[in-house]
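K.L.:
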Amino acid sequence: MRDTLNEIVVVGAGMAGLHAAEALRAQGFEGRLTLLGEEAHRPYSRPPLSKEVLTGIGMDPSGGGPGWLAGHRALRLRDDAAVDALDLDLRTGTRAVALDPAAREVTVSGPGGAAGTVRYDGLVIATGARARRPDTDLAGVHVLRTLDDAEAVRAAFAPGGRLVVVGAGFVGAEVTASARAAGMDVTLVEAAATPLTRVVDPRIGRLLTELHRENGVDVRLGAGVAGFEGDGRVERVRLTDGSAVEASLVVAGIGVHLNTEWLRGSGVELLADGAVACDRYSATAVPDVYAVGDLANWPHPRYGGRIRLEHWTNAGEQGEAAARNLLAGEGRTPFTPVPYFWSDQYKMKLQLLGQGAPADQVTFVHGSPEDRKFVAFLGRGGMLTGVLGLRSTPRTMRYRGLLEKPTTWDEALAAAGVTPAR
Ligand SMILES: Cc1cc2nc3c(=O)[nH]c(=O)nc-3n(C[C@H](O)[C@H](O)[C@H](O)COP(=O)(O)OP(=O)(O)OC[C@H]3O[C@@H](n4cnc5c(N)ncnc54)[C@H](O)[C@@H]3O)c2cc1C
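Take the sequence shown: its position 72, counting from 1, is numbered 72 in UniProt numbering, and each next residue is one higher.
1) Look at the Cβ atom of P159, then the Cβ atom of G183, and state whether they are nearer than 8 angstroms.
2) By Cβ distance, which residues of its chain are closer than 8 angstroms to T55, with the 5 residues on each side in sequence left out?
3) Does P420 pass the burial test, meaning 16 or more other C-beta atoms within 10 Å, or should it be called exposed?
4) When the distance is taken between beta carbons, is A252 closer than 8 angstroms to R236?
5) If distances are taken between C-alpha atoms only, which option among V97, P48 and S392 comes closest to K349?
6) So, L352 versus K373, is the Cβ gap smaller than 8 angstroms?
7) Return the CA-CA distance between L196 and G116, expressed in angstroms with no decimal places.
8) What residues in its chain sit with their C-beta under 6 angstroms from that of T107, if we drop five residues either side in the sequence?
9) Could you give the C-beta distance for V175 and V165, rounded to a whole number, given that I count them as a contact under 8 angstroms?
10) Around the Cβ of A139, are there at least 16 other Cβ atoms within 10 angstroms (buried) or fewer (exposed)?
11) Could you tell me the alpha carbon to alpha carbon distance between R206 and E52, rounded to whole angstroms?
12) Is F170 helix, strand or coil by DSSP?
13) Thinking just about the alpha-carbon of each residue, which of G224, L75, G31 and E7 is nearest to the one in L123?
14) Across which residues does DSSP place L36 in a beta bridge pair?
15) Which parts of the stretch 307–346 are runs of the alpha helix (DSSP H), unbroken and 4 residues or longer, counting only runs that do not cross its ends?
16) By Cβ distance below 8 angstroms, which residues in the same chain neighbour T408 in space, the five residues on each side in sequence not counted?
17) Spatial neighbours of S368 within its chain, please: CB distance less than 7 angstroms, with the 5 preceding and 5 following residues excluded, ordered by chain position.
18) For the alpha helix (DSSP H) containing L207, name the first residue and the last one.
19) At a cut of 8 angstroms, does the stretch 328–342 reach the stretch 299–317 through at least three beta carbon pairs?
20) How would you write the range of the beta strand (DSSP E) that P299 sits in, first residue to last?
21) With a CB to CB cut of under 6 angstroms and the five nearest residues on each side skipped, what residues in its chain are close to G37?
22) Based on the DSSP output, what are the partners of K51 in its beta bridges?
23) Is V171 a contact residue of ligand 1, with contact defined as CB to any heavy atom under 7 angstroms?
24) Please list, in chain order, all residues of the same chain as residue 435 whose beta carbon is under 7 angstroms from its beta carbon, the five residues on each side excluded.
25) Please report the residue range of the beta strand (DSSP E) in which V219 lies.
26) Could you tell me which residues DSSP pairs with T187 in its beta bridges?
27) Opposite V245 in the DSSP bridges: which residues?
28) Where does the unbroken beta strand (DSSP E) through V83 begin, and where does it stop?
29) Span of the alpha helix (DSSP H) holding M397?
30) Beta strand (DSSP E) containing A291: first to last residue?
31) Helix, strand or coil for E411 per DSSP?
32) Run the proximity test for P47: is its beta-carbon closer than 7 angstroms to any non-hydrogen atom belonging to ligand 1?
33) Rounding to the nearest angstrom, what Cα-Cα distance links T194 and R76 in this structure?
34) Pull the bridge partners of E105 from the DSSP assignment, please.
35) To the nearest angstrom, how far is the alpha carbon of A114 from that of D89?
36) If you draw a straight line from the C-alpha of P151 to the C-alpha of E330, how long is it?
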């Protein structure tokens, strides 16, 4: 381990930041370790926000012990004792506002706006993303990124209430499913022709549309939002096709802004979408500064270019990998994960290994969309690029090894016992 690192600062106390901090300690870093987080909460897990927190299923009403996560056991990344054992200077309610690489300092705004600086020898940037907000001040229009957002949405759920979900990405789709479970009337509005166009092949997108409709959702595809109407509080959503949908509640899942504005002018390279440009070790252009999680963009040898993932598992894996590389100095290891994402909707688990789109070949190697249970291979340019499973966890995960190295389409089909069609 390098002996020039006495103070390491991790900015962003989410999944990626916590894993980076844990890995630094696990690798034997004994110096001063500071974890800065803008939210008032200790690190927590976001996936349950659109699932268990909204449905109440899997929550622990007995509280699972005293403290800030009482009643939110599903959300806990670690219990308080495990976080305390890291011997961190954990500063919640503290926002990084600027980075000065020459002085090796992060300027922060603490509770009550108190300004200060934190010195570092090594820095991990893990400030993730925030939800894009629709352009309206009307009450009753929500987004879903934080625990506070989720609690506000849950409080507004009411059986028989009319929810309009804007955007059929994963967050929108899960909010839709959770709201149906809570007895709400739901209209799902999506500007594209199929849901999740950027993430999965349209054939899968069509299946997801059918699932919503079978569960009583009014799905409006190819319709954007023209505006929100109401007197102080939302009453209806006007669509670009001229129609209007009554609404007592709106949840918008229309993507994110990356939390990287605080890095402007620092020398850390930001790409057009605000992502931090990293090399294959997750290092930025600034010495001893790494970036991880939703905001990191890096070259991946098996996907023919640079990638950025908004995936929970990736945030943890990249946090750990970057921490190891920061400490290693020489002998660093390129970060070449098999991307993994899951989504839970209508009591069905959808899992994606690798990339879901674009794909020029899709073959269902087990089951079928009609069965609502399958494993599909996705390919591009004669290579296997992704494995997608619905209600098929063991079978899906069995093929992970095929994506750890380049695998041709025919090799992949052979591994699944499927004869290639000629
Ligand atoms: C509702 C929801 C459901 C999801 N479901 C799934 C799922 O089923 N499967 C899946 O794979 N992924 C899912 N995801 C995505 C997954 O949660 C993210 O990929 C993951 O949280 C990214 O972790 P991160 O640490 O990079 O960023 P974040 O989780 O965004 O954490 C960044 C932290 O940094 C803090 N911060 C921001 N700016 C500053 C600053 N300037 N100074 C200090 N702190 C700052 C933020 O407050 C935040 O706490 C879901 C996300 C959401 C919102």
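Ideal placement from N, C-alpha and C gives every residue a C-beta, glycine not left out.
Predicted, not measured: the structure shown is a model, and the values here were computed from it.
P.N.:
Well, looking at it:
1) The count along the sequence shown starts at 1 and reaches residue 159 at position 159. The count along the sequence shown starts at 1 and reaches residue 183 at position 183. In terms of Cβ geometry, P159 and G183 form a close pair [threshold 8 angstroms].
2) As a position in the sequence shown, residue 55 is number 55, starting the count at 1. Excluding residues within five positions, the ones whose Cβ falls inside 8 angstroms are S178, A181 and A182.
3) Mapped onto the sequence shown, residue 420 falls at position 420. When all chains shown are included, P420 counts as exposed.
4) Here residue 236 is taken as the residue at index 236 of the sequence shown, counted from 1. Here residue 252 is taken as the residue at index 252 of the sequence shown, counted from 1. Contact flag unset, no.
5) Position 349 of the sequence shown holds residue 349. K349 has its Cα closest to that of S392, out of V97, P48 and S392.
6) Counting from one through the sequence shown, the residue named residue 352 turns up at place 352. Counting from one through the sequence shown, the residue named residue 373 turns up at place 373. Contact: no.
7) Taking the sequence shown and counting its residues from 1, one reaches residue 196 at position 196. Taking the sequence shown and counting its residues from 1, one reaches residue 116 at position 116. Using only the alpha carbons, I get a separation of about 42 angstroms.
8) Taking the sequence shown and counting its residues from 1, the one referred to as residue 107 is at position 107. Result list for T107: V97, A98 and T117, in chain order.
9) For the purposes of this step, residue 175 is taken as the residue at position 175 of the sequence shown. For the purposes of this step, residue 165 is taken as the residue at position 165 of the sequence shown. Their Cβ separation, rounded to whole angstroms, is 5 angstroms, which keeps V175 and V165 in contact under 8 angstroms.
10) Within the sequence shown, the letter at position 139 stands for residue 139. So A139 counts as exposed.
11) If you number the sequence shown from 1, residue 206 lands on position 206. If you number the sequence shown from 1, residue 52 lands on position 52. Using only the alpha carbons, I get a separation of about 26 angstroms.
12) In the sequence shown, residue 170 corresponds to position 170, counting from 1. Helix at F170.
13) The residue you call residue 123 lines up with position 123 of the sequence shown. Of all alpha-carbon atoms in G224, L75, G31 and E7, the one lying nearest the alpha-carbon of L123 is that of E7.
14) Within the sequence shown, residue 36 is the residue found at index 36, counting from 1. L36 pairs with V11 and R91.
15) 312–328
16) Position 408 of the sequence shown, counted from the start, is the residue given in the question as residue 408. Hits under 8 angstroms: G382, M383 and L384.
17) On the sequence shown, position 368 is the one that residue 368 refers to. Hits under 7 angstroms: F374.
18) As a working note, residue 207 is residue 207 in the sequence shown. Note, L207: alpha helix (DSSP H), P202 to E214.
19) The stretch 328–342 is in contact with the stretch 299–317.
20) The sequence position of residue 299 within the sequence shown is 299, counting from 1. Per DSSP, P299 belongs to the beta strand (DSSP E) from A296 to H300.
21) Translated into the one-based positions of the sequence shown, residue 37 becomes position 37. Only A13 and T92 meet the Cβ criterion.
22) Numbered from its first residue, the sequence shown carries residue 51 at position 51. Beta-bridge pairing links K51 to no other residue.
23) Position 171 of the sequence shown holds residue 171. Indeed, a heavy atom of ligand 1 lies less than 7 angstroms from the Cβ.
24) With the chain running from 1 to 422 in the structure shown, residue 435 is simply not present.
25) Indexing the sequence shown from 1 puts residue 219 at position 219. It spans D218 to L221 - the beta strand (DSSP E) in which V219 sits, taken as one unbroken run.
26) To locate residue 187, count along the sequence shown from 1; it is residue 187. According to DSSP, T187 bridges with V164 and D218.
27) Within the sequence shown, numbered from 1, the residue matching residue 245 stands at position 245. V237, per the DSSP bridge assignment.
28) Within the sequence shown, residue 83 is the residue found at index 83, counting from 1. Unbroken run through V83 is the alpha helix (DSSP H), D80 to D84; no beta strand (DSSP E).
29) By 1-based counting over the sequence shown, the position of residue 397 is 397. Element bounds for M397: T393 to R398.
30) If you number the sequence shown from 1, residue 291 lands on position 291. Looking at the DSSP string, the run of the beta strand (DSSP E) that includes A291 is V289 to A291.
31) The residue you call residue 411 lines up with position 411 of the sequence shown. If DSSP states are grouped into helix, strand and coil, E411 belongs with the helices.
32) Against the sequence shown, residue 47 aligns to sequence position 47. Under cutoff, so the answer is yes.
33) Counted from its first residue, the sequence shown places residue 194 at position 194. Counted from its first residue, the sequence shown places residue 76 at position 76. If you take the alpha carbons of T194 and R76, they lie about 34 angstroms apart.
34) As a working mapping, residue 105 is identified with position 105 in the sequence shown. Per DSSP, the beta-bridge partners of E105 are D100 and R119.
35) Taking the first residue of the sequence shown as 1, we reach residue 114 at position 114. Taking the first residue of the sequence shown as 1, we reach residue 89 at position 89. When rounded, the separation of the alpha-carbon atoms in A114 and D89 is 17 angstroms.
36) Position 151 of the sequence shown holds residue 151. Position 330 of the sequence shown holds residue 330. The amino acid occupying residue 151 in the given sequence is Glu; Pro does not appear at that position. The straight-line gap from Cα to Cα measures roughly 46 angstroms.
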